[in-house]
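Asker: Questions regarding the structure given below will be posed in turn.
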Amino acid sequence: MTNLDKNKVVIGMSGGVDSSVAAYILKQQGYEVIGVTMKIWSDTNEDSDDDTGGCCGLSAVDDARRVANRLNIPFYVMNFKEQFEEKVVQYFIDEYIEGRTPNPCIACNKYMKFDELLRRAHGLGAYYVATGHYAKIKQDDGSGKYVIEKSNAISKDQTYALYNFTQEQLKHTLMPLGEFSSKEDVRKIATELGLSTATKPDSQEICFVKDNDYGKFIQERTPGKIKPGSFIDIQGNVIGSHHGITNYTIGQRKGLGIAIGKPAYVIDIIPEKNEVVIGENSDVFGYELLADDVNLINPVSFYNGIEVEAQIRYNAKPSKAKIYTRDDHQIHVVFENPVRAITPGQAVVFYDGMRLLGGGTIIKKVR
Numbered sequence: 251m252t253n254l255d256k257n258k259v260v261i262g263m264s265g266g267v268d269s270s271v272a273a274y275i276l277k278q279q280g281y282e283v284i285g286v287t288m289k290i291w292s293d294t295n296e297d298s299d300d301d302t303g304g305c306c307g308l309s310a311v312d313d314a315r316r317v318a319n320r321l322n323i324p325f326y327v328m329n330f331k332e333q334f335e336e337k338v339v340q341y342f343i344d345e346y347i348e349g350r351t352p353n354p355c356i357a358c359n360k361y362m363k364f365d366e367l368l369r370r371a372h373g374l375g376a377y378y379v380a381t382g383h384y385a386k387i388k389q390d391d392g393s394g395k396y397v398i399e400k401s402n403a404i405s406k407d408q409t410y411a412l413y414n415f416t417q418e419q420l421k422h423t424l425m426p427l428g429e430f431s432s433k434e435d436v437r438k439i440a441t442e443l444g445l446s447t448a449t450k451p452d453s454q455e456i457c458f459v460k461d462n463d464y465g466k467f468i469q470e471r472t473p474g475k476i477k478p479g480s481f482i483d484i485q486g487n488v489i490g491s492h493h494g495i496t497n498y499t500i501g502q503r504k505g506l507g508i509a510i511g512k513p514a515y516v517i518d519i520i521p522e523k524n525e526v527v528i529g530e531n532s533d534v535f536g537y538e539l540l541a542d543d544v545n546l547i548n549p550v551s552f553y554n555g556i557e558v559e560a561q562i563r564y565n566a567k568p569s570k571a572k573i574y575t576r577d578d579h580q581i582h583v584v585f586e587n588p589v590r591a592i593t594p595g596q597a598v599v600f601y602d603g604m605r606l607l608g609g610g611t612i613i614k615k616v617r
């Protein structure tokens with residue numbers, strides 16, 4: 251990597267307004283900007299007149315190309331289909347089959363945007379890769395280490411899905427939208443520039459799952475593997491039948507089709523028995539969890555019993571907690587107050603104020 255140009259940056263362009271404006275800002279800052287859209291889905295799954303696929307569809311490629319032309323920057327479509335299928339889609343399917351609820355956006359960031367795309371950027375001679383994420387990357391004045399901080403636009407902050415960064419990756423990554431105080435400010439710039447993506451709505455769904463129907467998607471990809479099973483109560487009594495564990499997640503109330511005399515919630519999933527455990531709302535809450543696959547942005551600043559704010563899902567509020575390390579490379583997170591729906595497969599992410607410390611994958615609720 252000795253011949254990388256620090257003035258050259260490859261920006262991942264999803265066809266949305268955020269990456270469009272990020273590309274513009276980088277160009278204004280004097281960088282030589284190269285736009286790249288990652289082709290991550292096969293042609294048979296793309297639908298040129300349907301935006302359901304978000305950053306995966308042909309229309310997204312067209313939108314990104316139009317923006318690149320408007321900004322007068324080079325633009326390429328690069329094939330990431332094989333890596334995406336293995337690292338994101340298959341992981342998503344495997345996790346659901348095992349009774350867990352994965353976050354494919356975290357896997358996509360880890361393996362696609364800041365690993366595969368970064369490698370391709372280096373192949374083009376670019377020192378940096380950039381995205382339209384709402385987050386800040388800074389260099390700590392004292393330690394010289396790179397840190398990630400929450401965006402000024404707190405309601406749009408995306409640091410929860412960015413905890414897997416290494417120091418080496420952070421050194422080569424730019425996120426120019428972190429200083430914006432609102433999404434409206436970003437759209438305003440896009441409108442002033444006459445960008446076709448200025449009014450494009452935010453994607454609300456997983457890009458490769460049509461209509462956000464996870465159960466149907468997994469059923470189609472694993473024919474015959476997902477079978478009906480039993481709803482049971484906390485005592486283990488059978489109280490009904492479910493349509494396959496991939497249709498359920500911890501804390502779910504809607505679509506259960508079961509009556510227990512009070513509001514019913516999914517409180518556990520037992521894949522080896524093909525059972526879904528049903529309880530009351532109070533049963534959904536927990537104080538402690540175990541997590542593995544832990545990554546710390548700056549391990550030196552982390553110690554046993556550290557007090558943090560821990561967040562257990564994308565839109566949840568961080569809650570006060572203490573973290574204890576274990577000999578088996580797992581961590582034990584103890585919350586000050588009970589939190590709702592500790593969900594295996596989801597990420598638990600740690601903060602010190604605005605600073606992202608790291609995170610891991612939830613294994614189970616302890617109590």
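For what it's worth, my numbering labels the leading residue of the sequence shown as 251, then goes sequentially. Think of the CB as a built atom: it goes at the ideal place given N, C-alpha and C, for glycine as much as any other residue.
Relative to the alpha-carbon of I562, which residue among P324, G610, E522 has its alpha-carbon at the smallest distance?
Answerer: Of the listed residues, the one whose Cα sits closest to I562 is G610.
Asker: Use the C-beta contact count for K388: other C-beta atoms within 10 angstroms, 16 or more gives buried, fewer gives exposed.
Answerer: Label assigned to K388: exposed.
Asker: Okay, do the segment 597-611 and the segment 404-413 touch, 3+ Cβ pairs below 8 angstroms being the bar?
Answerer: Result yes; three or more Cβ-Cβ pairs closer than 8 angstroms.
Asker: If you pair each beta-carbon of the segment 372-385 with each one of the segment 258-268, do three or more pairs fall below 8 angstroms?
Answerer: Flag = yes, the segment 372-385 and the segment 258-268 touch.
Asker: Does DSSP put E348 in a helix, in a strand, or in coil?
Answerer: In the structure shown, E348 sits in coil (DSSP, three-state: anything other than H, G, I, E or B).
Asker: What residue from V338, L424, L367 has the CA that sits closest to I275's CA?
Answerer: Among V338, L424, L367, the Cα nearest to that of I275 belongs to L424.
Asker: Given a threshold of 16 other Cβ atoms within 10 Å of its Cβ, counted over all protein chains shown, does Y574 qualify as buried or as exposed?
Answerer: So Y574 ends up on the exposed side.
Asker: Rank P521, N414, I592, K256 by C-alpha distance to the C-alpha of F364 and give the top, closest one.
Answerer: Considering only alpha carbons, the answer is N414.
Asker: Tell me the DSSP bridge mates of H492?
Answerer: Bridge partners of H492: G479.
Asker: Within 10 angstroms of the Cβ of S491, are there 16 or more other Cβ atoms? Answer buried if so, exposed if not.
Answerer: With fewer than 16 Cβ atoms within 10 Å of its Cβ, S491 is classed as exposed.
Asker: Would you report the Cα separation of N367 and Q340, rounded to the nearest angstrom?
Answerer: Residue 367 is actually Leu in this sequence, not Asn. Going by the C-alpha atoms only, they are around 19 angstroms apart.
Asker: Does the segment 514-530 come close enough to the segment 487-502 to have 3 or more Cβ pairs within less than 8 angstroms?
Answerer: As far as the Cβ criterion goes, the segment 514-530 touches the segment 487-502, which means the pair count is three or higher.
Asker: Using the Cβ count rule (16 or more neighbours within 10 Å means buried), how would you classify T593?
Answerer: Burial call: buried.
Asker: With 16 other CB atoms within 10 Å as the buried threshold, where does R369 fall?
Answerer: By the 10 Å Cβ count, R369 comes out exposed.
Asker: Ignore the nearest five residues each way along the sequence and tell me which others in S554's own chain have a CB closer than 7 angstroms to its CB.
Answerer: The residue you asked about is not Ser; residue 554 is Asn in the sequence shown. Y574, T575.
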